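Have a look at the structure below, then the notes.
2 protein chains.
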Amino acid sequence: MTKIAIAGSGAMGSRFGYMLQAAGNSVVLLDNWAAHVQAINTNGLTVNIAGQAPLQVQIPAALPTDIKEIQDVIILFTKSMQLTNMLQTIQPLIGPKTKVVCLLNGLGHPETIERYLPKTNIFVGITLWTAGLTGPGEITLSGSGSVELQNVAPDSQNAAKALVELLSAAGLKAHYSTDVLFSIWRKACVNGTLNSLCALLDCNIAQLGQTSQATTLLTAIVDEFSAVAATEGVDLQPAEMLAHIMPLFNPEEAGDHYPSMHQDLIQHHRPTEIDYLNGYVARKGTERGIATPVNQLITELVHTKEALLIEK
Amino acid sequence: MTKIAIAGSGAMGSRFGYMLQAAGNSVVLLDNWAAHVQAINTNGLTVNIAGQAPLQVQIPAALPTDIKEIQDVIILFTKSMQLTNMLQTIQPLIGPKTKVVCLLNGLGHPETIERYLPKTNIFVGITLWTAGLTGPGEITLSGSGSVELQNVAPDSQNAAKALVELLSAAGLKAHYSTDVLFSIWRKACVNGTLNSLCALLDCNIAQLGQTSQATTLLTAIVDEFSAVAATEGVDLQPAEMLAHIMPLFNPEEAGDHYPSMHQDLIQHHRPTEIDYLNGYVARKGTERGIATPVNQLITELVHTKEALLIEK
Chain A
1 MTKIAIAGSG AMGSRFGYML QAAGNSVVLL DNWAAHVQAI NTNGLTVNIA GQAPLQVQIP
61 AALPTDIKEI QDVIILFTKS MQLTNMLQTI QPLIGPKTKV VCLLNGLGHP ETIERYLPKT
121 NIFVGITLWT AGLTGPGEIT LSGSGSVELQ NVAPDSQNAA KALVELLSAA GLKAHYSTDV
181 LFSIWRKACV NGTLNSLCAL LDCNIAQLGQ TSQATTLLTA IVDEFSAVAA TEGVDLQPAE
241 MLAHIMPLFN PEEAGDHYPS MHQDLIQHHR PTEIDYLNGY VARKGTERGI ATPVNQLITE
301 LVHTKEALLI EK
Chain B
313 MTKIAIAGSG AMGSRFGYML QAAGNSVVLL DNWAAHVQAI NTNGLTVNIA GQAPLQVQIP
373 AALPTDIKEI QDVIILFTKS MQLTNMLQTI QPLIGPKTKV VCLLNGLGHP ETIERYLPKT
433 NIFVGITLWT AGLTGPGEIT LSGSGSVELQ NVAPDSQNAA KALVELLSAA GLKAHYSTDV
493 LFSIWRKACV NGTLNSLCAL LDCNIAQLGQ TSQATTLLTA IVDEFSAVAA TEGVDLQPAE
553 MLAHIMPLFN PEEAGDHYPS MHQDLIQHHR PTEIDYLNGY VARKGTERGI ATPVNQLITE
613 LVHTKEALLI EK
């Protein structure tokens, strides 16, 4: 029985924890939102799946500070800006054999994680699963998804494949990637265009796509992502990237969806992940002598909007 | 008796027209808003001055297409994007001796006007007067102001000074400027920072000033204004410009004011003057080989916001 801690059990973390426990693993959901942890421990995790009666799933939950037992696997699912704090808090859970899997959106996370454990035990990836947190202790699931995963250290390939097995056995449709950094950059570039612009301009994806400026804006952002990606050995072709993003403007695709950064900033007045998307590109571009004025300005404007909307 | 047409009789045009007629000139207010023209011709121009009973001022008003008589002086007071259309419409009013005065906000207007009459008859300036259009045929006046004016053609200095006299005799506190292009750029730079950012970020000036990003944003915009101004022989020092703008964040100054671009875009869902502020800097910068990515992006973002908010 694999002992798995979900470090950051919002919507996505709870989904993964629920599915991994259902597959027979020993799972604990860790989260800093006390009311959420308490609701799960009192009533179970409420899982709403379209067309089914809500499930009440008994699954242990805890504040990250309240668990000290070494885990086999830890899956990181915090918001980007909470990652460092979470890693500091869960030090007691990380033993010499503990595998840590990072499925966060955004750029630069492996660098952060490497400060807390050896590369051989770090695995990074992306997921296309979705989930909604409906209230404390309650998630709503719909649609299907997948996971792409790779080892950070070259000699940890077998361990990565074992993790892929673990996730797939729980129905999470994981597969081993030979170029996960490309996938991470590609997803970050989607988020760094659609999420950032929809948040800044207060619109949904279809509305953005209907403006005559959309292509110009996307091109300016993507060109800089591509230039900085190249400095990390990632071949993010602007034309291919645009061809990948443009269809998402179709209202029958994700079009009428307000991206998560819009939800965070405009709807809930919460800090955004901008520093791990456009902000990362601007920061690394500056460090490496690549002009990134567009991503720099978008990052500043989103931070200004945070300053205006988030109550002190 | 000097025959004066106000070409564009919104709040500011009506103020100037009212004051010039009161000083004994023969004034006609031209405007494309039919209800406004009709209200003035039916009830007079209603002039609200703080602490006084409203005045009903009999003053002729007309659609620009309805007047054909050559004028001594035409004062342009349209929105920037209506200037070309107005100049085309009022061709019959412009004789060989007609002096045309441009007091519009924004950059690049002399270039436009030169396509319609000889330089010797063109005079440009700025004004610090304010006025509000409260409804059709109704303006509200408060505070004091001034006008700075200069000839475009070197040999028209005396004509400019005569116009200064004309305005000052009507209480408009005009003075002759020896470097009006500097003043125009300086005012455009204030508008291109405060107006554009407050419109884009949906905040007032004091709120913008309270964010920790304000200085960074202003500096990025002002640096490019300065570089492009230099190509026109205008010495707009970034440090001096910032020192001029920063005090405006003080809530006791203009701080709690929503600038006109915010009113246009966010409150009334109307097109903005961005192409004559940041957009001019981006366009001329590109033509002249000066990098202006910040003003380019701000222009694109404001146009995107227009596309999102203005009903087709």
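Going line by line, the protein sequences match chains A and B. Quick note, the first sequence lines up with residues 1 to 312 if you use our numbering. Quick note, the second sequence lines up with residues 313 to 624 if you use our numbering. We put the CB at the ideal spot given by N, CA and C, even for glycine. Note that the structure is a prediction, hence the values are computed from the model and not measured.
Rounded to the nearest whole angstrom, the CA to CA distance from B:L419 to B:Q394 is 14 Å.
DSSP places A:I310 outside both helix and strand once states are collapsed to three, so it counts as coil. A:V37: member of the alpha helix (DSSP H) spanning 34–43, first to last residue.
Residue range 492–502 is occupied by the alpha helix (DSSP H) that includes B:V492. Taking C-beta separations shorter than 7 Å and ignoring five residues to either side along the sequence, the partners of B:L554 in its chain run L530, T531, V534, following chain order. B:H421: member of the alpha helix (DSSP H) spanning 421–425, first to last residue. Per DSSP, reduced to three states, the secondary structure at A:G51 is coil, with no helix or strand assignment.
The Cβ atoms of B:A317 and B:I386 lie closer than 7 Å to each other. Listed along the chain, the chain A residues whose CB falls inside 8 Å of the CB of B:E612 are Q213, T216, L217, A220. With its beta carbon less than 7 Å from one in chain A, B:T616 belongs to the interface. Here A:G24 is exposed. Its C-beta has fewer than 16 other C-beta atoms within 10 Å.
If you look at B:V540, you'll find it in the alpha helix (DSSP H) that goes 526–542.
Near chain B, meaning a CB-to-CB distance below 9 Å, the residues of the region 182–213 of chain A are L197, L200, L201, D202, C203, Q207, L208, Q210, T211, S212, Q213. Listed along the chain, the chain B residues whose CB falls inside 7 Å of the CB of A:P293 are P605, V606.
Rounded to the nearest whole angstrom, the C-alpha separation of A:T78 and B:T604 is 37 Å. Following the DSSP letters along the chain, one finds A:I205 in no beta strand (DSSP E) but inside the alpha helix (DSSP H) bounded by residues 205–210. In the structure shown, the three-state DSSP call for A:T127 is strand.
The beta carbon of A:A159 does not come within 7 Å of any beta carbon belonging to chain B, so the residue lies off that interface.
For B:L341, the enclosing beta strand (DSSP E) begins and ends at 338–342.
Among the residues facing chain B, A:A307 is included, as its CB has a counterpart in that chain under 7 Å away.
Spatial neighbours of A:T112 in its own chain (CB-CB distance under 8 Å, excluding positions within 5 residues in sequence) are listed in chain order as L83, T84, L87. Contacts with chain A (Cβ-Cβ distance below 7 Å) from the region 388–411 of chain B involve no residue at all.
Within chain A, no C-beta atom comes nearer than 7 Å to that of B:L589; the closest sits roughly 16 Å away. In the same chain as A:A160, and ignoring 5 residues on each side of it, the C-beta atoms closer than 8 Å to its own belong to F123, L149, Q150, N151, Y176, in chain order. B:L429 and B:G325 have their C-alpha atoms spaced approximately 21 Å apart.
Residue range 459–463 is occupied by the beta strand (DSSP E) that includes B:N463. DSSP lists B:I316, B:K411 as the bridge partner or partners of B:V385. Taking a cut-off of 8 Å for Cβ pairs, the region 442–451 of chain B and the region 293–304 of chain A do not touch, as fewer than three such pairs fall below it.
B:Q525 and B:V540 have their C-alpha atoms some 24 Å from each other.
Between the region 352–361 of chain B and the region 473–480 of chain B there are fewer than three C-beta pairs closer than 8 Å, too few to call the two in contact. In terms of Cβ geometry, A:L309 and A:N191 do not form a close pair [threshold 7 Å].
B:H580 sits in coil when the DSSP states are folded into three classes, being neither helix nor strand. B:L560 is outside the set of residues whose beta carbon lies under 7 Å from a beta carbon in chain A. In this structure, A:L76 sits near A:A7, with a CB-CB distance shorter than 7 Å. Closest in alpha carbon position to A:S142, among A:P110, A:E224, A:Q52, is A:Q52. Residues of chain A whose Cβ lies closer than 7 Å to the Cβ of B:L609 are, in chain order, A220, V294, L297.
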